[in-house]
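In the UniProt record's numbering, the protein residues as written are 1 to 410.
Encoded structure:
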């Protein structure tokens with residue numbers, strides 16, 4: 001099972017290293033006529049965050065619209081008779097889309113739970129439930145608990161529990177005779193009955209430092225169980241940039257899609273991505289682009305790591321590569337064409353304060369996919385998010401302090 005998030009930004013074609021500014025309220029048709037296209041930034045398959053935060057921010061903007069906060073944008077315009085009048089704000093309730101991320105994500109986990117559900121397989125368990133595996137000392141709990149609450153709040157509640165990655169998993173779970181994953185809401189030995197886990201929802205296990213000996217044992221136990229994993233280890237590796245790069249190869253999409261129109265539509269979202277290995281012609285070409293200051297500014301160097309803050313941008317690429325102990329290490333990266341997004345003026349509020357400046361935005365699309373032995377059981381869009389950052393900031397990661405959640409003005 002996958003609860004994925006595919007991220008996109010608008011892209012302006014061309015070689016110019018200058019910002020392109022667009023006006024607020026420009027229609028999609030006008031954007032297309034200007035050559036703007038949505039381009040994929042990355043495809044996230046594990047612990048895809050932001051769904052709950054995004055909904056809260058959209059709800060806030062719609063609430064402020066209802067209360068009249070945006071009725072007057074504060075600017076003046078001059079009429080033909082010379083009199084000045086206040087400009088009407090373009091922000092209306094109909095221009096701000098609704099967001100049902102929490103319901104969509106909870107419904108997705110409930111769907112997987114129903115697919116797994118049946119007679120309890122364990123002699124010990126009395127019921128089945130969903131297990132959230134979370135990071136210890138988790139600071140992003142507000143993006144997880146609303147989904148848990150929504151599962152308990154359904155007409156037919158889905159029992160949902162939380163356990164921390166690592167020792168907590170090993171102490172509070174075990175495998176039954178039929179590989180069923182048994183979870184003890186209270187520590188074993190206290191007379192409690194276990195819950196048979198239908199779905200393991202991973203909000204941990206995405207960062208390298210989590211895979212010490214205990215972390216590896218934790219992941220192996222979860223993988224060996226018959227519970228539906230969101231995601232499994234194979235689903236997890238799909239998020240690697242090497243996979244994203246491989247999918248862009250000639251004829252690769254055609255292996256998975258039988259519609260030429262779908263292939264063309266998906267391929268239109270791709271920007272150039274190149275292997276950095278030293279053995280292939282493509283890799284040698286990419287190394288040349290990365291080491292040349294005249295071309296490096298057009299690219300981003302990306303490792304297959306999650307969590308934000310790992311990319312190397314533009315003019316910093318040559319020095320970063322030269323700083324490695326061996327050129328063989330370059331192959332761990334891919335070189336991606338930099339998406340050149342049009343900027344708009346906006347005001348961002350963060351822990352650093354309130355600041356008005358030029359900004360760019362990133363659209364995230366949440367999707368559910370459930371499959372069994374090659375058969376697709378469910379495949380649908382279940383939500384979206386919008387993140388906005390200052391145009392002169394390279395990274396886009398709200399939890400790292402590189403942006404804010406936002407609402408599109410349609």
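Backbone N, C-alpha and C fix where the C-beta goes; we use that ideal spot for every residue, glycine too.
Annotation for residue 345: no alpha helix (DSSP H) segment contains it, though the beta strand (DSSP E) segment containing it runs 344–350. Ranked by Cα distance from residue 266, the options 278, 258, 253 are led by 253. The C-beta of residue 235 has 16 or more other C-beta atoms within 10 Å across all chains shown, which makes the residue buried.
The beta-bridge partner set that DSSP reports for residue 40 consists of 8. In the three-state reduction of the DSSP assignment, residue 99 falls in the coil class, being assigned neither a helical nor a strand state. Exclusion of the five residues before and after residue 364 leaves 5, 7, 385 as the residues of its chain whose Cβ lies within less than 6 Å of its Cβ. For residue 276, DSSP assigns no beta-bridge partner whatsoever. With contact defined as three or more Cβ pairs closer than 8 Å, the stretch 168–179 and the stretch 145–157 are not in contact.
Within the same chain, Cβ atoms closer than 8 Å to the Cβ of residue 116 are found at 128, 198, 199, 227, 228, the five residues on either side in sequence being excluded. In terms of Cβ geometry, residue 50 and residue 369 do not form a close pair [threshold 7 Å].
Residue 336 has 273, 300 as its beta-bridge partners, per DSSP. Closest option to residue 332, judged by alpha-carbon separation, among 380, 276, 354, 378: 276. Distances from the CA of residue 319 to each of 309, 297, 305 were compared; the closest alpha carbon is that of 297. Note on geometry: alpha-carbon atoms of residue 203 and residue 224 lie some 18 Å from one another. Membership of residue 201 in the beta strand (DSSP E) is indicated by the continuous run 195–203. Within the same chain, Cβ atoms closer than 6 Å to the Cβ of residue 104 are found at 382, 383, the five residues on either side in sequence being excluded.
DSSP lists 376 as the bridge partner or partners of residue 371.
About 6 Å separates the beta carbons of residue 304 and residue 242, which is inside the 8 Å limit, making them a contact pair. Per the DSSP secondary-structure output, residue 228 pairs in a beta bridge with 199.
Here residue 212 carries a coil assignment [DSSP, helix/strand/coil]. Rounded to whole angstroms, the separation of the alpha carbons of residue 284 and residue 217 is 39 Å. For residue 274, the closest alpha carbon among the candidates 106, 244, 397 is that of 244.
In this model, residue 270 and residue 343 are separated by some 20 Å (Cα to Cα). The Cβ atoms of residue 299 and residue 394 do not sit closer than 7 Å to each other.
If you ignore the 5 residues before and after residue 327, its C-beta comes within less than 7 Å of the C-beta of 278, all in its own chain and listed in chain order.
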